[in-house]
Amino acid sequence: MKYYVVREWKRRGIFTSRDECKELVQWYADAKYKSFKTKEEAEKALQGSREEYYQTKEKVSRQTSDFPYEKNSIAVDAACSWNPGKMEYQGIDLQSGKYLFHEKYEIATNNIWEFLALVHGLKFQKENKSDKAIYTDSKHAMKRVAEKGCKTKLEKNSNTNFVYKKIQEAEQRLKENTYTTQILKRPTSERWEIPADFWRK
Numbered sequence: 196m197k198y199y200v201v202r203e204w205k206r207r208g209i210f211t212s213r214d215e216c217k218e219l220v221q222w223y224a225d226a227k228y229k230s231f232k233t234k235e236e237a238e239k240a241l242q243g244s245r246e247e248y249y250q251t252k253e254k255v256s257r258q259t260s261d262f263p264y265e266k267n268s269i270a271v272d273a274a275c276s277w278n279p280g281k282m283e284y285q286g287i288d289l290q291s292g293k294y295l296f297h298e299k300y301e302i303a304t305n306n307i308w309e310f311l312a313l314v315h316g317l318k319f320q321k322e323n324k325s326d327k328a329i330y331t332d333s334k335h336a337m338k339r340v341a342e343k344g345c346k347t348k349l350e351k352n353s354n355t356n357f358v359y360k361k362i363q364e365a366e367q368r369l370k371e372n373t374y375t376t377q378i379l380k381r382p383t384s385e386r387w388e389i390p391a392d393f394w395r396k
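My numbering puts the first residue of the sequence shown at 196, with every later residue one more than the last.
Listed below in structure tokens is the structure:
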């Protein structure tokens, strides 16, 4: 028998079932877990803080089978705790299901982060000389990218200066570069949520 320790997730604890442990961590990118031969070792690891005890799960999308109309593509999406509030966005490859990039910051708005996610996707594709299309579920972000400007009404102050810096960098990147990447709207009514979604609804 083995003892499986899940140290970082919604449920922390020691489990004796490999399948139960797998069910807990397989879709959580930052889950920390490890198996031990004895219960004593497992208890020591759970209580301790030694990072070398644990491995971090490779980021893999939960919807690798849900291909868009254009299979040779990536998807980007953003999420927020409030609007404005803590924000993050990510991009995944829709054929392999692997996560390509992820950014997380303290405060912004959803429209800003959808815009920045899409610009990051364009940058990623260009740097990697990829011809894959990019899917987004935000018409607003597509419009702002086409116009090469974010046009946010977020209050500018000491807490949001870094956001405006990110916006300025993104707008400058759009103006200084030519992109041939195809940007496509994810038809969520037909295909359900975009695979890069954070599943917090």
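Here a beta-carbon is modelled for each residue, glycine too, at the ideal position from N, C-alpha and C.
What you are looking at is a predicted structure, and each value in this text was computed from that prediction instead of being measured.
Please check the pair residue i and residue j, which I expect to be a contact at CB under 8 Å, by giving their CB distance rounded to whole angstroms.
| i | j | result |
| --- | --- | --- |
| residue 349 | residue 314 | Their Cβ separation, rounded to whole angstroms, is 16 Å, which puts residue 349 and residue 314 out of contact at 8 Å. |
| residue 317 | residue 359 | Wrong, their Cβ atoms sit about 20 Å apart, outside the cutoff. |
| residue 307 | residue 378 | Actually they do not touch by this definition, with Cβ atoms about 17 Å apart. |
| residue 312 | residue 273 | 5 Å |
| residue 291 | residue 309 | Between residue 309 and residue 291 the Cβ distance is about 23 Å, and since that is not below 8 Å, they are no contact. |
| residue 302 | residue 372 | Actually they are not in contact, since the Cβ atoms of residue 302 and residue 372 sit about 28 Å apart, beyond 8 Å. |
| residue 238 | residue 209 | 7 Å |
| residue 305 | residue 345 | Rounded, the Cβ-Cβ distance is 12 Å, inconsistent with contact. |
| residue 232 | residue 197 | 6 Å |
| residue 397 | residue 266 | No information on residue 397 is available, as it lies outside the stretch 196 to 396 that the chain covers here. |
So what's residue i in DSSP terms, helix, strand or just coil?
| i | result |
| --- | --- |
| residue 316 | helix |
| residue 378 | strand |
| residue 336 | helix |
| residue 341 | helix |
| residue 215 | helix |
| residue 389 | coil |
| residue 229 | strand |
| residue 265 | coil |
| residue 350 | coil |
| residue 299 | strand |
| residue 310 | helix |
| residue 198 | strand |
Please list the terminal residues of the continuous alpha helix (DSSP H) segment that includes residue i.
| i | result |
| --- | --- |
| residue 369 | 356–371 |
| residue 237 | 234–242 |
If you drop the 5 nearest sequence neighbours on each side, which residues of the same chain put their C-beta closer than 6 Å to that of residue i?
| i | result |
| --- | --- |
| residue 268 | 289, 327, 328, 330 |
| residue 297 | 285 |
| residue 259 | Residue placement at residue 259 is flagged as unreliable, the pLDDT there being 45, under the threshold of 50; the coordinate-derived value follows with that caveat. Closer than 6 Å at Cβ, skipping near neighbours: 292. |
| residue 270 | 287, 289, 330, 389, 390, 391 |
Identify the continuous beta strand (DSSP E) that holds residue i and give its terminal residues.
| i | result |
| --- | --- |
| residue 270 | 268–275 |
| residue 282 | 280–288 |
| residue 292 | Looking at the DSSP string, residue 292 is not in any beta strand (DSSP E), and its letter there is neither H nor E. |
| residue 329 | 328–331 |
CB-CB under 8 Å to residue i, same chain, minus the five flanking residues each way: which ones, in chain order?
| i | result |
| --- | --- |
| residue 367 | none |
| residue 337 | 313, 331, 378, 380 |
| residue 363 | none |
Here's a check: name, in chain order, each residue in its chain whose Cβ is nearer than 7 Å to the Cβ of residue i, leaving out the five neighbours to either side.
| i | result |
| --- | --- |
| residue 343 | 366, 369, 370 |
| residue 295 | 269, 286, 287, 288, 319 |
Does residue i have its Cβ less than 9 Å from a Cβ in chain B?
| i | result |
| --- | --- |
| residue 298 | Here there is only one protein chain, and chain B is not present. |
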